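This report concerns only the one structure given below.
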Amino acid sequence: MRVYRSLLRLYPKAHRDVFGIDMLEMFADQLKTARSTGPAALVRLWSRTLVDVAVNASLTRLPMYRLTTSPQAHTSGDALMLLRQNITLAFRSLRRNPLFALVAIVTIALGIGANSAIFSVVHGITLKALPYEAPDDLVFVWTTTPETPQLAVSEAEYLDYRAESAVLEDLGAYGVRTVTVTGGGPAERRTGAYATSSLFNVLGVSAAIGRTFSGDEDVPGGANVVVLSHGYWQTRFGAEGGLPEQPMIIDDVAFDVVGVLPAGFDPPEGSPDFYTPAPFDRSRITNRSGHDLVVVGRLGAGQSVASAQEELRAILPRWSERFAGVHANDLVAHPLVLAPLRDVVLGHVQPMFWILLGAVGLVLLLAAANVANLLLARGQSRSREMTVRAALGAGRRDLIQLMLTESLALATVGGVAGLSVGAALTSLVKRLDPGGIPRLGEVSVDWTVIAFTAVVTVGTGLLVGLLPALQSARGDASAALREGSRGGSASRQSKRALQGLVVAQMALAVLLLTGTGILVKNLVSLQSVDPGFSTDRRVGFKVQVMNQTYPTGISKLTFYDRLRESLTAVPGISGVALARALPLRSNVGTEGMRIEGRTLAPDERRPSVGFQVASDDYFSLMDIPVVQGRAIERTDVDGAPPVMLINEAAARAYFRDEDAVGQRARLTFFPDDWPLVTIVGVVGDVRQGGLRAAAQPEVYIPPGQLPANWVRSIMSSLSVVLMTELPLDVVGPAIRGAVQRLDAAVPVADLGTLDQAFADNVSTERFMTTLLGLFAVVALIISAVGVYGVMAFSVAQQTREIGIRLALGAGPGSVLRSVLRRGVTLAGIGAALGLAGATLAAPVLESMVHEVSVRDSLVFVASPVLLLGVAIVASLVPAWRAAGVHPMETLRTD
Amino acid sequence: MHQPLKPLIFQVLLALSEQELHGYGIKKSMLARSGGAIDVEPGTLYRLMARLLRDGLVAPSASRSTPDNGDERRRYYRITPSGRQTLKAEVERMAALLGDRAVRALMAGGRES
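Sequence lines, in order, name chains A and B.
Once you know that position 798 of the first sequence is 798 in the numbering used here, the rest is easy, because the numbers rise by one and skip nothing.
Once you know that position 28 of the second sequence is 1028 in the numbering used here, the rest is easy, because the numbers rise by one and skip nothing.
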C-alpha cells in the first residue's frame, strides 16, 4: 500500500488531490482480491499496476485531462506536457505533408548549415588564434612610417621601451629569418626565430618537453641553445625519445636542443620551426634602424591598453629629443604604436568574417522567409482546422503555441540536418584555404558551434512560425466556416503578409547578389591586372649560400655564376637570371636615395626606393620592358663603372621634369667612399609586393656592383628565375639535382611557377568570391522558390476568379500578363529596396575590394535585372497554369 | 452522426447508467459485463474519470453510501443527463448498425458456421 501511495506522487497534484484517495482504495480492493487468489495474482497485479501508473501518470499530464481549463492553470509542469503534446501533433502534421516538410527542412538546413559553418570558422579562428595565457592582457607593439603603416621594431627601440615602460609588466621580442639546418638529415631551409627569453614568459607558454631559454642565455656570449616547435620536433626528430641528443646545425653553428614547445603554439606572427636566443646588447647598438622585431607586451595588473598608450605618449617625445638627428631626412617620424594583440592578429581577417557572417545571415533570413511563406500558405488551407480547434475550445494562445511548436519542430529537424551541412561546408572552407587565415586547419565543429546552431535553430523556428501563427490565430471563426469546403481563401491580410515576405526576400537577394557581383568583378579585374612581367613558363626558387663556405662576395658571385651555367645546361631550360626577390612572391626592402646635385630642406623627406638586385637577362627573361636607356648587362661587374636602373614609378616620382638617364645617385646605406652610381636605364613598373598595390619606386643594381659589406648579406640568399617549357614536376628535380651537384649543402626553397605565385596572390579574393558566390546562388534559388510559391498559391486561390474572367471573354494572354505583372511588381519593389540597402552597406566591402568601386554601376544594374529575370521565370509556371484554366472546370470545383 | 465513443468510456458510462458506483465498483461491473475481458487499473480508470468529469458526462455523487457498502470515505459517481444522452446516442448508433444489411448478413453467416 505504501508503495502504491508513493507511486501516486507521479500523478499531477491536481489529479492526485481529487482522485488520490479513491485510487488508493481501489488498489486496496484489488490487493485484497489478489492476496486471496495467490502469489501469481499478486505478481500479475503489481506488474499491471506499474505499467498502469507509468502510462497514466504521463497521460494525465496532457491538457485534455486537466481538471481546470482556464489559462491561469498553465503551470510550468503543464506547459511542458502541453509542449510534448504539441510536438506530437506537430510531427504528425508534418508527416501528413511530407513534401511540404521536406522542402521546409531542406531550406532551413541549408540556411542553418551555412551559418554554423561560417560560425565554426570564425569562432575557431578568433578563439584559437591566440593560444596564450590571458590573451586580452597582451599588446602588440610596432612602429609606423608614412610608407609602411606597420613596420617591425628595431632592437634599440625594443630595449629602450622595455627599460622605460612601467605600465607593461614585461615585453618580449623575436625576429624571423630563413636559415639552413644541417646535421642528422638533409640540408633544409627552415624558418627560425631569434627570441628573447622574456617572450615565452610574456606569452605565458612553457615548454612541453625540457625548457625554454633562461635569462642568461639571451645575452651576448650566451649558450647556443634551441627550442623547437612541436611540429618541427615531430617532422625532423620523429617525436620520439624526448629531446634529440645531437646538436642541431643552424647556418653551420651547433645548437643544443633544450626544449620543445607545446603543440598548437605559434607566436603572433609567422610560425617558426625553432627559436634561438637573441643576444641583444644595448651598449653595442648605435643606430635605431634594422626594423625586424615582432614585439609583444603584457599589461601589468590593473593596467589597460589606454594607459599603456598614454605612457607611450610620454616616452616618445623624450626619445625624439634624445635621438634627434639619428634619422635626419630618412625616417622622419616612426613612433611606436601599440594595440591589443587580438585586434592586430585578427584585424585583417575580421572584415572578411563579418562579410561572410552577414552573407550567411542573409541566406538564413531568406530561407526563413521561404519557410514562413510555406507555413503562411499552408495556414490558409488549414484555417478550417484552426477554426474547428478554436470552436472546440482551444484558446488563441493554444493555437499560437501549436503553430509555433510546429515551426520549431521543422526548425529542429532542419537544424540537425544543418549541422551536417555545416560540417561539410566547414571542410569545404578548409579546402579553399586562401592562406593567411590563422589556424584555419584547426577549425572544427565543436560544442560552441553546436550551441550556436541550437540558438540559431530556435531563433529560426520562432521567426518562421510567428507570422503564420499570428495569422492563423487571428482567423475569424465564423468567416472561415462560411468559406466552407474550399479550404478558405486568403484573407487580404495574410495575402499582404505573403507578399511582404516575397518583397523582403527579393531585397535580401539583391543585397547579397550585389555584394557578390562586386567581389566577382573585383576578382576578375584583379586577375586581369598586368603585373608588369610575364608569368607563364617562368619558374622561380630561392637558394641560400653559407657564409662559412662562401665568405666573400666574390666567392658568392662565383657560386651564382656557376649555378646559372649549370642550370642553362639543363635541357628544356632556356634562360636563367637572378634577383633579390621575385615579384608577387616577396617585397624588397625600402632604402633612402640621394640624388646628385639635390639638397633637401630640413623637413623634406628623402626619396625612398625599393632596392632590388637583378642580373643581366633578368629584364628580357621576365619580359619587363626597357623604356629608356639600357638594361643591366653582363659587363656590369665589379670594377666596371657602377650603374643602376630605375623603374617608371621612380622616374615619375623623382625625375619629373628631367631625364633620369645619365643622372647619378647613391643609396643611403652605401659607405661614404662609395662612388655615385649612374642611372643607365628606365624599366617598366612591376607589382613587386602584390597585385593589389600599384608599383612603388624601385632601383635595380647588378649583383657584382654592391658594396662589400652588403654583398655578404644580400648575396647570401638570392632568387633564381628561369624560363622553361617543361612542367614543374619535370623541371623541379632537374633544378634540385643541378644545385645539389654544385653544393649539396645549398637548399632549394620556394620552388614554384610564377603562374602559381600570381594565383596565390588572388587566393583570398577567390576564397571570398567562391563562398559568397555559393551563398548568392543559394539565395537566388531560395528567392525563386519563394516567388514561385507565392505566385502559384495566389493563382490557385484565384482559380475561380480567373475562370470567371476567362468565361467573360478575357483572353489567356491577359491573364498571363496579369499574373506576371504581379510577380514582377513584387520583385521590383524588393529589388529597389535591396539596391537601397546595397548602397548603404557597400562600405563594408571597402577592405576587400581594390580594383572596382564598391558601388560599381554595372553590378548595381545587373543584379536587380538578374533577379527580375529569375522572378519572371518563377512566375511563368503559375501564369501559364492560370492562363490554361478551363472556365467550366473552375466553376464546377465546388 | 457523432463519433463512436471509445469502448472504455462507453463501458464506464454504461456501468454508471445502472447505479452510482465508486471506482472499484465500476471495475467490477465492467469485468462482469465483459466476461472478464475488460479490466482496468486505477490509473486508467481515474484518468478516464477526470476526462468524463471535465466534459460533464459524469459527476461526483451527493450520496456516499450504497446498500451493499457503507464506506464513507469513498467517492461515488453518477452519470449526468448529458452523459446519459451521449450514452444513448452511442447505443442508438450501435442499434442502427445492427439494422444494417451488411451487419445482418455477417450475423447470419456467423450463425451458419
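Glycine included, each C-beta is placed from N, C-alpha and C at the ideal position.
This structure is a prediction, so every number in the text was calculated from the model and none was measured.
- Under the 10 Å beta carbon count, L1106 (chain B) is surrounded by fewer than 16 other beta carbons and is classified as exposed.
- Note that the C-beta distance between S863 (chain A) and G517 (chain A) is below 7 Å.
- In the structure shown, F140 (chain A) adopts extended strand secondary structure according to DSSP, grouped into three states.
- Against chain B, the CB of E385 (chain A) has no partner CB under 7 Å away; the residue lies outside that interface.
- According to the DSSP assignment, D1055 (chain B) belongs to no beta strand (DSSP E), since it is labelled neither H nor E.
- Only D1039, V1040, E1041, P1042, G1043, T1044, L1045, Y1046 from the segment 1030–1046 of chain B bring a Cβ to less than 9 Å from some Cβ of chain A.
- When 7 Å is used as the limit between beta carbons, R1075 (chain B) is near these residues of chain A: D22, in chain order.
- Taking the Cβ atoms as the reference, T196 (chain A) lies roughly 5 Å from A173 (chain A), within the contact range of under 8 Å.
- Taking CB atoms only, R48 (chain A) has a neighbour in chain B less than 7 Å away.
- Put simply, the CB of G1023 (chain B) is near chain A, with a gap under 7 Å to one of its CB atoms.
- Only R1047, M1049, A1050, R1051, L1053, R1054 from the segment 1047–1064 of chain B bring a Cβ to less than 8 Å from some Cβ of chain A.
- Distance from the Cα of G111 (chain A) is smallest, within the candidate group A:A509, A:R284, A:V778, for A:V778.
- Measuring C-alpha to C-alpha distances from T839 (chain A) to each of A:V859, A:L726, A:V824 identifies A:V859 as the nearest.
- Cβ atoms of A708 (chain A) and G553 (chain A) come within 8 Å of each other, at about 6 Å.
- Rounded to whole angstroms, D760 (chain A) and D530 (chain A) show a C-alpha spacing of 15 Å.
- Around the Cβ of G38 (chain A), a 10 Å sphere holds fewer than 16 other Cβ atoms; the residue is exposed.
- Neighbours of V55 (chain A) in chain B, taken as residues whose beta carbon is under 8 Å from its own, are G1043, T1044 in chain order.
- Residue pairing by DSSP puts P340 (chain A) in a beta bridge opposite A:V139.
- Per the Cβ contact rule, the segment 458–467 of chain A is in contact with the segment 406–422 of chain A (3 or more Cβ pairs under 8 Å).
- At a Cβ-Cβ threshold of 7 Å, H123 (chain A) and T60 (chain A) do not count as neighbours.
- In the displayed model, A166 (chain A) falls within coil according to three-state DSSP, outside both helix and strand.
- Residues of chain A with a Cβ closer than 9 Å to the Cβ of K1027 (chain B) are, in chain order, M26, D29, Q30.
- Interface flag for T60 (chain A) against chain B is set, since a Cβ pair is found closer than 7 Å.
- The DSSP assignment places complete alpha helix (DSSP H) segments of no fewer than 4 residues inside the segment 362–429 of chain A at 383–391, in order along the chain.
- Counting C-beta pairs closer than 8 Å gives three or more between the segment 255–272 of chain A and the segment 210–221 of chain A, which meets the contact rule.
- The distance from the Cβ of A579 (chain A) to that of Q612 (chain A) is about 6 Å, consistent with a contact at the 8 Å cut-off.
- For F452 (chain A), not one C-beta of chain B is nearer than 7 Å to its own C-beta.
- Look at A836 (chain A) here: in three-state DSSP terms it is helix.
- Within the segment 89–106 of chain A, not one residue has a Cβ closer than 8 Å to any Cβ of chain B.
- When Cβ-Cβ separations below 7 Å define contact, F775 (chain A) makes no contact with chain B.
- Proximity of D52 (chain A) to chain B, defined by a Cβ-Cβ separation below 7 Å, is satisfied.
- Counting along the chain, E698 (chain A) sits inside the beta strand (DSSP E) bounded by residues 698–701.
- Within the model, the alpha-carbon separation for R92 (chain A) versus V51 (chain A) is close to 25 Å.
- Contact between V456 (chain A) and G422 (chain A) does not hold, since their C-beta atoms are separated by about 10 Å, which reaches or exceeds 8 Å.
- By alpha-carbon distance to G415 (chain A), the top candidate from A:F100, A:A367, A:L557 is A:A367.
- Here Q246 (chain A) carries a coil assignment [DSSP, helix/strand/coil].
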